[in-house]
Amino acid sequence: MTKIYIVRHAEAEGNLYRRIHGHYDSLVTPRGMEQIKALEKRFESIPIDAVYSSDLTRTRTTAGAIYIPKGLPLNATPALREVGMGVWEDDMWGHIEEDYAEQYRYYNTCPDKWDIPGCEHWDHLCRRISSAMLDIAAMNPGKTVAAVSHGCAIRALMSVILGIPASEISRIQYCDNTAVSLITVEDGKMQLEFMNDSSHLPDELTAFRHETWWKSEKATDGRNMRIEPFDVAANKERYLARYRDAWIISHGSDKGFSDIYYDWAVMRSMKNARAVAEAKLGGKPAGMIELAPESGEKEGYGHIAFLCMDEEYRFRGLGVQLIGHAVSFYRPLGRKKLRLNVAADNKNAIKFYTKYGFTEVKREEGGFGEVIVMEKGIALP
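Residue numbers (this note's numbering): 1034 to 1414.
This is how it looks when you write it as structure tokens:
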């Protein structure tokens, strides 16, 4: 009999930014790294003979909690990958909820009906992930191994083991990041010992323990924003009002604010429509981000010129989705870091960016006070 501990990867960019990452490769977040520390402690006293993971960065990074302390090699394989998301890859869940409402509902509640261009169908995923587990067991008879995979793939595996049809998939909860399940395999048959246990995580490191949105008919949690190109030229007053408000928050007054920022925004949006984008929640404007791709190209960073949430939507954990837009914009351009400037007196902004992985690079004396240059790595290994 072979024992296989099945682990979901730690919190990654897709989870944090509310973007769709199936085969799209992405990094583990700062909170995800804390989850990995907790996972490592959990496995300290558990003998493991071999470690497997999908070949994507977020699973390989998570597997480090097990194979590195135990001095084992990592066996990375695409057989343990997440479901292929087709044309949805790296899109926002907020877009999909509205633009593909029926298919989004199928994906969450009846996945055998889910069918979008380029996707991996449910029956193929079920066969792939269950075959992977049987192959791992066959290569490790009588041993104890760990396999790090992904949320939907693990859900598919559990449906196979428990004999739950796709039409009743809501009976199987989504597992939290780094949640652990245990199966045994003997004579080609898989049996579940326990499922989706995240007891090693304190409450501040679990995103899913107390959530129930996935059980609802619509399977939406109400926090997924849309981020769309903003027509700067046609909305001058709206743009300037937002920028002025953010300027006052940063500098204490609108002294030094100028319409020149509008001219720059028009130029950037004309060169790339995604460079100036508006966030919406429930169809209502909620915030804005402006990117300056003309800056930092030689140095390898992507500059965020302006990021703000409208007053009603501040301090609700939504602004991080705008950072996700910047990552999605700059990574395909080969930029390895994000960079931005923050007024040294803007304590809330500094706290926000620090929480999501930005660190201080240097301080400069600006025209209206001291400015902190902050930076965050986005390059894949």
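Just so it is clear, CB atoms sit at the ideal spot from N, CA and C, and this is done for glycine as well.
Query raised in the report: Any contact of the stretch 1377-1386 with the stretch 1306-1316, i.e. 3+ C-beta pairs under 8 Å?
Result: no
Requested in this report: Classify residue 1358 as helix, strand or coil using the three-state DSSP reduction.
Outcome: helix
Query raised in the report: Do residue 1335 and residue 1306 have their C-beta atoms closer together than 8 Å?
Result: In this structure, residue 1306 does not lie closer than 8 Å to residue 1335 by Cβ.
Query raised in the report: Can you tell me where the alpha helix (DSSP H) with residue 1067 in it begins and where it stops?
Result: Counting along the chain, the alpha helix (DSSP H) containing residue 1067 begins and ends at 1063-1075.
Query raised in the report: From this set, 1399, 1364, 1401, 1193, which residue's C-alpha is nearest residue 979's C-alpha?
Result: Examination of residue 979 is not possible in this model, given that the chain is present from 1034 through 1414 alone.
Requested in this report: Go through the stretch 1151-1216 residue by residue and report every complete run of the beta strand (DSSP E) that reaches 3 residues or more, in order.
Outcome: 1177-1182
Query raised in the report: Can you tell which of 1199, 1095, 1407 has the C-alpha that lies nearest to the C-alpha of residue 1071?
Result: 1095
Query - Proximity winner among 1362, 1361, 1341, 1345, relative to residue 1028 (alpha-carbon distances) - result: Only positions 1034 to 1414 of the chain appear in the structure, and residue 1028 is not among them; the question remains open.
Report task. Entirely within the stretch 1226-1313 and at least 3 residues each: give me those beta strand (DSSP E) ranges in chain order. Result -> Listed in chain order, the complete beta strand (DSSP E) runs (minimum 3 residues) inside the stretch 1226-1313 are 1259-1262.
Query raised in the report: If you pair each beta-carbon of the stretch 1051-1067 with each one of the stretch 1118-1126, do three or more pairs fall below 8 Å?
Result: yes
Query - Residue environment, residue 1036, which counts as buried when at least 16 other CB atoms sit within 10 Å - result: buried
Query raised in the report: Between which two residues does the alpha helix (DSSP H) carrying residue 1094 extend?
Result: 1090-1100
**Report entry** Through-space distance from residue 1278 to residue 1450, alpha-carbon basis
**Finding:** Any answer about residue 1450 is impossible in this case: the structure gives the chain only from 1034 up to 1414.
**Report entry** Three-state secondary structure assigned by DSSP to residue 1337
**Finding:** Annotated three-state conformation of residue 1337 is strand, per DSSP.
Query - Residue of 1197, 1046, 1151 minimising C-alpha distance to residue 1090 - result: If we check each option's Cα against that of residue 1090, 1046 comes out closest.
Report task. Pull up the DSSP beta-bridge partners for residue 1408, would you. Result -> 1372, 1392
**Report entry** Nearest-angstrom Cα separation, counted from residue 1147 out to residue 1133
**Finding:** Cα-Cα distance, rounded: 11 Å.
Query raised in the report: For residue 1114 versus residue 1186, is the C-beta distance shorter than 8 Å?
Result: yes
Query raised in the report: Contact between the stretch 1259-1278 and the stretch 1136-1146: three or more CB pairs below 8 Å?
Result: no
Query - Extent of the continuous alpha helix (DSSP H) to which residue 1129 belongs - result: 1126-1132
Query - Short Cβ contact (8 Å threshold) for residue 1233 with residue 1092 - result: No, the Cβ-Cβ distance between residue 1233 and residue 1092 is not below 8 Å.
Query raised in the report: DSSP on residue 1046, reduced to helix/strand/coil?
Result: helix
Query raised in the report: Which residue from 1212, 1074, 1214, 1224 puts its Cα closest to that of residue 1196?
Result: 1224
Query raised in the report: Rounded C-beta distance between residue 1295 and residue 1269? I'm assuming under 8 Å.
Result: Their Cβ separation, rounded to whole angstroms, is 6 Å, which keeps residue 1295 and residue 1269 in contact under 8 Å.
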